[in-house]
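Order-wise, the sequence lines are chains A and B. Numbering of the first sequence is given in our numbering, commencing with residue 194 and proceeding in unit increments. Numbering of the second sequence is given in our numbering, commencing with residue 4 and proceeding in unit increments. Shown next, in structure tokens, is the structure this report addresses.
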Amino acid sequence: MTRRTVGQTLMAVIIAAMIAIPFFLPGEQWVNLVSLILIWALFAIGFDLVFGVTGMLSFGHAALLGSGGYALTVLTLSYQVGFLPALLAAAVMGALLAFCMGLFALRVSGLFFALLTLALAQMVYILASNKLRALTGGVDGIPGVPRPDLFGINFYDNRNYYAFIVVVFLIGLAVMALLRASPFGRALRAVQANDTRASQLGHNVHALRQSAFVVSGAYAGISGGLLASLMFYISPQMLHWATSGDVMIMTVLGGKGTLLGPILGVAVFELLKEELSQVTQYWYGILGLIFILATIFLRNGIAGLFHGPDDQDQGGAS
Amino acid sequence: MSTLIIGLSLSFLLFLLSAGLTLIFGMLGVINFAHGALYMLGAYVSYQIVQITGSFWLGLLFAPLIVAALGALIEIVALKRVYSRDHIFQLLLTFGLILVIDDATKLIWGFDYKQVPTPEMLTAPVALFGSQIPSYRLFVIAFGALVSLGLFLLLDRSKWGMIIRAASSDADMARTLGIDVNQVRTGVFALGSFLAALGGAITAPLVPIELGMGFSVIIDCFVVVIIGGLGNIRGAIFASLLLGMTRAVGFTYATEWVELLTFALLIGTLMFRPEGLFSYKGRSA
């Protein structure tokens with residue numbers, strides 16, 4: 194076995210162990226923590242399809258997450274739609290918003306893409322907090338987001354809801370693994386490596402970028418729906434720029450461009466947040482410092498520690 | 004009339020900030036996300052100086068200098084290490100800086116609003132074209148115009164400006180000619196930080212000083228640099244005027260819609276001239 198395979202296996206084992214912990218350990222705090230980690234991890238692997246695979250830094254993913262959360266909330270509470278159709282609608286909503294944002298943001302590339310997605314997401318944030326008050330409840334948010342209602346299982350029990358999250362997460366992970374290994378995923382990598390060359394090879398670069406963004410939006414939408422349901426609550430806070438920043442930090446910390454790295458990044462982020470916030474109210478600043486050190490010294494994030502240094506930016510099929 | 008004055012003072016303020024942003028981008032290729040945080044820091048430091056010395060003018064002078072020194076330190080300790088990598092890493096690093104600066108500010112000054120009193124000689128309103136204009140606003144316009152002029156002279160006419168322009172357009176060639184590009188980079192980042200903090204110090208009497216002030220302003224600056232063309236200082240001044248006046252008119256006639264108006268301006272620009280209104284080159288930053 195090469196170092197790469199050993200590292201990947203090790204990462205997979207760690208993640209599997211993390212998912213298993215809440216099933217074996219008593220104590221609500223593990224269930225809640227890993228629930229949160231898995232939902233954010235789903236968000237992060239979707240984000241990384243745009244960032245790590247296609248090479249576009251989106252600073253507007255908060256809007257995609259939030260739109261999914263609001264879609265699920267409004268549909269279930271105001272229109273009595275079932276949970277699963279509403280979760281599907283959350284994915285569609287995220288994808289649709291990503292498509293609309295892409296119409297503007299994909300006219301520019303590189304750093305401008307980051308700035309434009311940020312500006313567009315801020316616009317959504319302002320709309321949700323003020324203009325769409327009737328729909329979104331303004332800054333107060335909407336309490337009472339429901340849990341799934343399936344097979345007569347009581348998902349208001351956090352352990353049962355955790356199992357639901359695990360199923361959705363594993364499906365999402367499997368789909369993403371397939372996508373990344375598919376010709377589509379390889380074409381996205383080609384766009385990241387050299388967009389001019391990719392287009393000369395006959396790829397429609399714009400369409401590829403747009404599709405990656407839309408798929409990523411669907412992942413964000415589902416995560417937003419699950420998150421609102423986990424908290425029983427949604428507010429424009431989910432749309433705040435800090436949310437976009439968080440998912441970016443998690444992905445970089447874990448290792449952008451790798452499938453499993455961002456999941457570990459989320460886990461480390463949430464664990465640090467959990468531990469640091471008990472010690473000091475300035476945990477976010479300390480996290481920022483750790484993040485800065487990681488960008489300087491940990492080129493490929495946590496995944497780089499497992500993969501070894503030979504894995505510069507290409508990531509292979511990982 | 005007061006709309007015009009408010010618009011102009013807003014425009015110059017935006018220009019001070021986006022000039023620094025654009026200058027840093029032109030030289031370092033870095034979009035400094037922490038620019039808003041440095042602006043906020045400028046306001047807090049000037050508040051502290053006013054608290055200690057009682058003089059607004061000392062605050063206006065020393066706060067930018069202190070923040071500029073901090074900027075130089077940041078560049079040397081952190082940014083220098085990631086120049087060789089993709090631009091995205093520099094952006095990530097400056098984003099991390101926001102979190103650190105925000106929490107450090109919280110630690111030092113706490114959560115509550117701070118207020119810097121308007122300097123005494125500028126409290127009286129001035130009658131101008133039949134309306135009462137707060138004289139501090141006029142001062143902001145005059146001061147902003149002066150600083151802008153100074154900046155143009157520095158960049159366009161002085162030897163330092165020539166070195167900065169040379170190092171921006173071709174760092175390797177400048178290095179061959181014996182210019183210490185590393186020092187120029189540190190200097191430019193410090194200059195950008197200086198301008199950001201100057202903006203903060205001069206805004207301090209106009210607004211409550213609070214933790215969120217950095218981020219709301221950075222979005223406006225991004226809008227300015229996108230409209231003006233990134234790395235283009237002349238574009239930045241027109242775009243600042245455009246945005247400042249739009250916001251001032253918006254505040255007077257449609258307060259509810261001001262934020263959306265800003266974004267409409269941005270989207271409109273990108274639809275019709277994605278390379279920025281005042282840029283001739285293609286955009287591939």
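Don't be surprised by glycine CBs; every beta carbon is placed ideally from N, CA and C. Keep in mind it's a predicted model, so treat the numbers as computed, not measured.
- Residue nearest to V119(B) within the set Y256(B), A46(B), I240(B) is A46(B) (criterion: CA-CA distance).
- When beta bridges are read from the DSSP output, I212(B) appears opposite K117(B).
- Straight-line measurement puts the Cα of Q315(A) at about 36 angstroms from the Cα of A174(B).
- For V227(B), the CB contacts under 7 angstroms within the same chain, skipping 5 residues up- and downstream, are L17, S21, A239, A242, S243, L246 in chain order.
- In this structure, the beta-carbon distance from A234(A) to A460(A) falls below 9 angstroms.
- When secondary structure is reduced to three states using DSSP, S12(B) falls in the helix class.
- Excluding residues up to 5 positions away in sequence, A255, Y318 lie with their Cβ nearer than 7 angstroms to the Cβ of H433(A) in the same chain.
- A Cβ-Cβ separation of about 2 angstroms places G458(A) in contact with G447(A) under the 8 angstroms criterion.
- When the five nearest sequence neighbours on each side are left out, the beta carbons in the same chain lying within less than 8 angstroms of the beta carbon of I136(B) are those of M4, S5, I8, P128, V129, A130, in order along the chain.
- Under DSSP, Y426(A) shares a beta bridge with P336(A).
- Within 10 angstroms of the beta-carbon of R326(A) lie fewer than 16 other beta-carbons, which makes it exposed.
- At a cut-off of 9 angstroms between beta-carbon atoms, Q315(A) makes contact with chain B.
- V129(B) carries a strand assignment under DSSP once its states are collapsed to helix, strand and coil.
- Not one beta carbon of chain B lies nearer than 9 angstroms to the beta carbon of A291(A).
- Residue environment: F462(A) is assigned as buried (16 or more neighbouring CB atoms within 10 Å of its CB, all protein chains considered).
- Restricting attention to alpha helix (DSSP H) runs no shorter than 4 residues, the segment 38-104 of chain B encloses them at 38-56, 59-80, ordered along the chain.
- Counting along the chain, the unbroken alpha helix (DSSP H) around Q222(A) starts and ends at 221-241.
- Distance check between V384(A) and each of S302(A), I346(A), P339(A) places S302(A) closest, using alpha-carbon atoms only.
- Chain-order list of chain B residues neighbouring L482(A): V103, by C-beta distance under 7 angstroms.
- Against F462(A), chain B offers no close residue; the least beta-carbon distance is about 12 angstroms (beta-carbon pairs closer than 9 angstroms).
- Contact annotation: G195(B) and I79(B) have beta-carbon atoms that are not nearer than 9 angstroms.
- Beta-bridge analysis with DSSP links P137(B) to P128(B).
- Rounded to whole angstroms, L209(B) and L100(B) show a C-alpha spacing of 26 angstroms.
- DSSP, read as helix, strand or coil, puts T195(A) in coil.
- Selection F499(A), T488(A), L498(A) evaluated against F98(B) yields T488(A) as nearest (Cα-Cα).
- A direct Cα-Cα distance of roughly 10 angstroms separates G74(B) from H38(B).
- Among the residues of chain B, none has a CB under 9 angstroms from the CB of W233(A); the nearest is roughly 17 angstroms distant.
- Below the 9 angstroms Cβ cutoff, chain A contributes no neighbours of I79(B), its closest Cβ being approximately 13 angstroms away.
- Proximity of R492(A) to chain B, defined by a Cβ-Cβ separation below 9 angstroms, is satisfied.
- Shown in chain order are the members of the segment 435-447 of chain A whose Cβ falls below 8 angstroms from a Cβ of chain B: G438, M441, I442, V445.
- DSSP, read as helix, strand or coil, puts R160(B) in helix.
- Cβ-Cβ distances below 8 angstroms link A380(A) to A391, H396, L401 in the same chain, with the five nearest sequence neighbours on each side left out; the list follows chain order.
- A straight-line Cα-Cα distance of about 34 angstroms links V267(A) and D105(B).
- Under the three-state reduction of DSSP, R373(A) is assigned to helix.
- Looking at the backbone, the Cα of L157(B) and that of A169(B) are separated by about 14 angstroms.
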